[in-house]
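Undergrad:
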Amino acid sequence: MRTTVLIILFYASVFGQKTENQIISFDGIYETKCDYANDEDEEKSFLRFYPNNKVISVVTECDATVSDLKSWFNMKMEYLSVGNYEINGRKILFSTTSVTGTVKYRGRITKKGILKLKIESLINGFKHREKYQFVKVVNLE
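Each residue of the sequence shown is one higher than the one before, starting from 1 at the first, in the UniProt record's numbering.
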(Lines of atoms letter the chains of each structure in order from A and count residues from 1; the text may use other names and numbers.)
(Lines give C-alpha, C1' and ligand atoms only; values in the text may rest on other atoms or scores of the structure.)
Protein backbone atom coordinates (compact mmCIF):
# COMPACT_ATOMS: atom_id res chain seq x y z
CA MET A 1 0.00 0.00 0.00
CA ARG A 2 2.77 2.41 0.95
CA THR A 3 4.60 1.64 -2.31
CA THR A 4 1.44 2.36 -4.32
CA VAL A 5 1.02 5.74 -2.63
CA LEU A 6 4.66 6.63 -3.31
CA ILE A 7 4.33 5.66 -6.98
CA ILE A 8 1.18 7.76 -7.35
CA LEU A 9 2.86 10.75 -5.67
CA PHE A 10 5.91 10.37 -7.91
CA TYR A 11 3.85 10.31 -11.12
CA ALA A 12 1.73 13.24 -9.94
CA SER A 13 4.82 15.31 -9.21
CA VAL A 14 6.56 14.46 -12.48
CA PHE A 15 3.68 14.35 -14.95
CA GLY A 16 1.23 16.65 -13.20
CA GLN A 17 3.49 19.70 -13.37
CA LYS A 18 3.09 22.22 -16.13
CA THR A 19 6.10 23.82 -17.67
CA GLU A 20 6.12 27.62 -17.81
CA ASN A 21 5.11 27.64 -21.48
CA GLN A 22 2.11 25.42 -20.78
CA ILE A 23 0.27 28.22 -18.99
CA ILE A 24 0.03 29.78 -22.45
CA SER A 25 -2.22 27.95 -24.92
CA PHE A 26 -1.02 27.19 -28.44
CA ASP A 27 -4.18 25.71 -29.98
CA GLY A 28 -5.98 28.99 -30.50
CA ILE A 29 -5.77 32.77 -30.50
CA TYR A 30 -5.95 35.38 -27.73
CA GLU A 31 -8.25 38.33 -28.43
CA THR A 32 -9.26 41.59 -26.79
CA LYS A 33 -12.71 43.07 -26.67
CA CYS A 34 -13.49 45.85 -29.10
CA ASP A 35 -11.77 49.14 -28.21
CA TYR A 36 -13.42 52.44 -29.04
CA ALA A 37 -10.44 54.81 -28.97
CA ASN A 38 -11.12 58.55 -29.17
CA ASP A 39 -14.15 58.19 -31.46
CA GLU A 40 -11.91 56.72 -34.15
CA ASP A 41 -12.46 53.40 -35.87
CA GLU A 42 -13.07 50.55 -33.49
CA GLU A 43 -10.38 47.90 -33.29
CA LYS A 44 -9.37 44.80 -31.43
CA SER A 45 -6.10 42.96 -31.07
CA PHE A 46 -5.11 39.34 -31.45
CA LEU A 47 -2.07 37.39 -30.23
CA ARG A 48 -0.91 33.92 -31.15
CA PHE A 49 1.78 32.04 -29.23
CA TYR A 50 3.98 29.16 -30.38
CA PRO A 51 5.83 26.52 -28.30
CA ASN A 52 9.19 27.80 -29.63
CA ASN A 53 8.65 31.11 -27.75
CA LYS A 54 7.52 33.01 -30.86
CA VAL A 55 4.49 35.30 -30.69
CA ILE A 56 2.65 37.16 -33.47
CA SER A 57 0.16 40.02 -33.22
CA VAL A 58 -2.37 41.76 -35.41
CA VAL A 59 -4.94 44.56 -34.96
CA THR A 60 -8.21 44.38 -36.90
CA GLU A 61 -11.61 46.01 -37.10
CA CYS A 62 -14.08 45.02 -34.40
CA ASP A 63 -16.19 42.81 -36.62
CA ALA A 64 -13.28 40.39 -37.19
CA THR A 65 -13.57 37.04 -35.45
CA VAL A 66 -11.05 34.38 -34.56
CA SER A 67 -12.59 32.26 -37.33
CA ASP A 68 -11.79 35.02 -39.83
CA LEU A 69 -8.12 34.88 -38.81
CA LYS A 70 -7.87 31.10 -38.77
CA SER A 71 -6.46 30.66 -42.27
CA TRP A 72 -3.98 33.55 -42.44
CA PHE A 73 -2.90 34.51 -38.89
CA ASN A 74 0.26 32.42 -38.71
CA MET A 75 4.03 32.61 -39.20
CA LYS A 76 3.55 32.73 -42.99
CA MET A 77 1.59 36.00 -42.80
CA GLU A 78 2.87 38.59 -45.30
CA TYR A 79 3.18 41.62 -43.00
CA LEU A 80 4.13 39.74 -39.88
CA SER A 81 4.47 41.41 -36.49
CA VAL A 82 6.57 38.89 -34.60
CA GLY A 83 8.62 38.59 -31.44
CA ASN A 84 9.82 36.25 -28.71
CA TYR A 85 8.09 35.87 -25.37
CA GLU A 86 9.48 35.04 -21.93
CA ILE A 87 7.49 33.57 -19.06
CA ASN A 88 8.64 33.67 -15.45
CA GLY A 89 6.03 32.16 -13.16
CA ARG A 90 2.84 33.95 -14.18
CA LYS A 91 4.65 37.01 -15.58
CA ILE A 92 4.99 37.40 -19.33
CA LEU A 93 7.17 39.78 -21.33
CA PHE A 94 7.52 40.22 -25.10
CA SER A 95 7.61 42.67 -27.96
CA THR A 96 6.48 42.32 -31.55
CA THR A 97 8.11 44.06 -34.48
CA SER A 98 6.71 44.70 -37.95
CA VAL A 99 7.81 46.87 -40.87
CA THR A 100 6.21 49.87 -39.12
CA GLY A 101 7.94 49.39 -35.75
CA THR A 102 7.84 47.69 -32.36
CA VAL A 103 5.19 47.26 -29.67
CA LYS A 104 6.20 46.16 -26.15
CA TYR A 105 4.01 44.02 -23.88
CA ARG A 106 4.41 43.06 -20.24
CA GLY A 107 2.01 41.69 -17.70
CA ARG A 108 0.70 38.54 -16.15
CA ILE A 109 -1.28 35.42 -16.88
CA THR A 110 -4.21 34.89 -14.51
CA LYS A 111 -5.16 31.48 -13.14
CA LYS A 112 -8.05 31.51 -15.61
CA GLY A 113 -5.60 32.02 -18.49
CA ILE A 114 -6.43 35.66 -19.20
CA LEU A 115 -3.50 37.83 -20.26
CA LYS A 116 -3.50 41.19 -18.46
CA LEU A 117 -0.97 43.28 -20.35
CA LYS A 118 0.51 46.77 -20.30
CA ILE A 119 1.26 47.76 -23.87
CA GLU A 120 3.55 50.47 -25.22
CA SER A 121 3.83 51.30 -28.90
CA LEU A 122 7.29 52.51 -29.87
CA ILE A 123 5.69 53.51 -33.19
CA ASN A 124 3.49 56.32 -31.83
CA GLY A 125 4.16 56.34 -28.06
CA PHE A 126 0.63 55.16 -27.19
CA LYS A 127 0.38 53.30 -23.86
CA HIS A 128 -2.61 51.31 -22.63
CA ARG A 129 -3.75 48.14 -20.87
CA GLU A 130 -5.58 45.20 -22.40
CA LYS A 131 -7.07 41.89 -21.33
CA TYR A 132 -6.69 39.05 -23.81
CA GLN A 133 -9.08 36.10 -23.61
CA PHE A 134 -8.12 32.75 -25.15
CA VAL A 135 -10.30 31.28 -27.90
CA LYS A 136 -9.56 27.69 -28.94
CA VAL A 137 -9.50 27.22 -32.72
CA VAL A 138 -10.05 23.84 -34.36
CA ASN A 139 -7.76 23.08 -37.34
CA LEU A 140 -5.64 26.18 -36.80
CA GLU A 141 -3.04 26.50 -39.58
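In this text, a Cβ means the ideal position worked out from N, Cα and C, and glycines have one as well.
Can you give me the Cβ contacts of Glu120 inside the same chain, cut-off strictly under 6 Å, excluding the 5 residues immediately before and after it?
TA: In the sequence shown, residue 120 corresponds to position 120, counting from 1. Cβ within range, chain order: Lys104, Lys127.
Undergrad: Keeping to the same chain, check which residues put their C-beta closer than 8 Å to that of Val55; ignore five residues upstream and five downstream.
TA: The sequence position of residue 55 within the sequence shown is 55, counting from 1. Cβ neighbours of Val55 beyond the five flanking positions: Leu47, Arg48, Phe49, Val82, Gly83, Asn84, Tyr85, Phe94, Thr96.
Undergrad: Whole angstroms are fine: how far does the CA of Ser57 sit from the CA of Ile123?
TA: Position 123 of the sequence shown, counting from 1, holds the residue named residue 123. Position 57 of the sequence shown, counting from 1, holds the residue named residue 57. If I take the Cα positions, the gap works out to 15 Å.
Undergrad: Give every residue of the same chain whose Cβ lies closer than 7 Å to the Cβ of Leu80, excluding the five residues on either side of it in the sequence, and list them in chain order.
TA: Position 80 of the sequence shown, counted from the first residue, corresponds to residue 80. Ile56, Ser98, listed in sequence order.
Undergrad: In this structure, how does DSSP classify Leu117 when only helix, strand and coil are distinguished?
TA: Along the sequence shown, read from residue 1 onward, the residue named residue 117 stands at position 117. Here Leu117 sits in strand by DSSP.
Undergrad: Grouping DSSP H, G and I as helix and E and B as strand, with all else coil, what is residue 145?
TA: Absent from the model: residue 145. The displayed extent of the chain is 1 to 141, so no value can be given.
Undergrad: To the nearest angstrom, how far is the alpha carbon of Ser25 from that of Asp68?
TA: Locating residue 25 in the sequence shown gives position 25, counting from the first residue. Locating residue 68 in the sequence shown gives position 68, counting from the first residue. About 19 Å.
Undergrad: Inspect the beta-carbon positions of Gly28 and Val66 and report whether they are closer than 9 Å.
TA: Numbered from its first residue, the sequence shown carries residue 28 at position 28. Numbered from its first residue, the sequence shown carries residue 66 at position 66. Taking 9 Å as the Cβ cut-off, Gly28 and Val66 qualify as a contacting pair.
Undergrad: Which one or two residues does DSSP pair with residue 142 in a beta bridge?
TA: The question about residue 142 has no answer, for the chain in this structure spans 1 to 141.
Undergrad: Asn88: which of Glu130, Arg129, Ile109 sits nearest, CA to CA?
TA: If you number the sequence shown from 1, residue 88 lands on position 88. When each option's Cα is compared against that of Asn88, the closest is Ile109.
Undergrad: Look at Leu140 and Lys70 and say whether their C-beta atoms are less than 9 Å apart.
TA: For this step, residue 140 is matched to residue 140 along the sequence shown. For this step, residue 70 is matched to residue 70 along the sequence shown. Yes, Cβ-Cβ distance for Leu140 and Lys70 is below 9 Å.
Undergrad: Using the rule of at least 16 other Cβ atoms within 10 Å of the residue's Cβ for burial, across every protein chain shown, is Thr32 buried or exposed?
TA: Along the sequence shown, read from residue 1 onward, the residue named residue 32 stands at position 32. Buried: at least 16 other Cβ atoms inside 10 Å.
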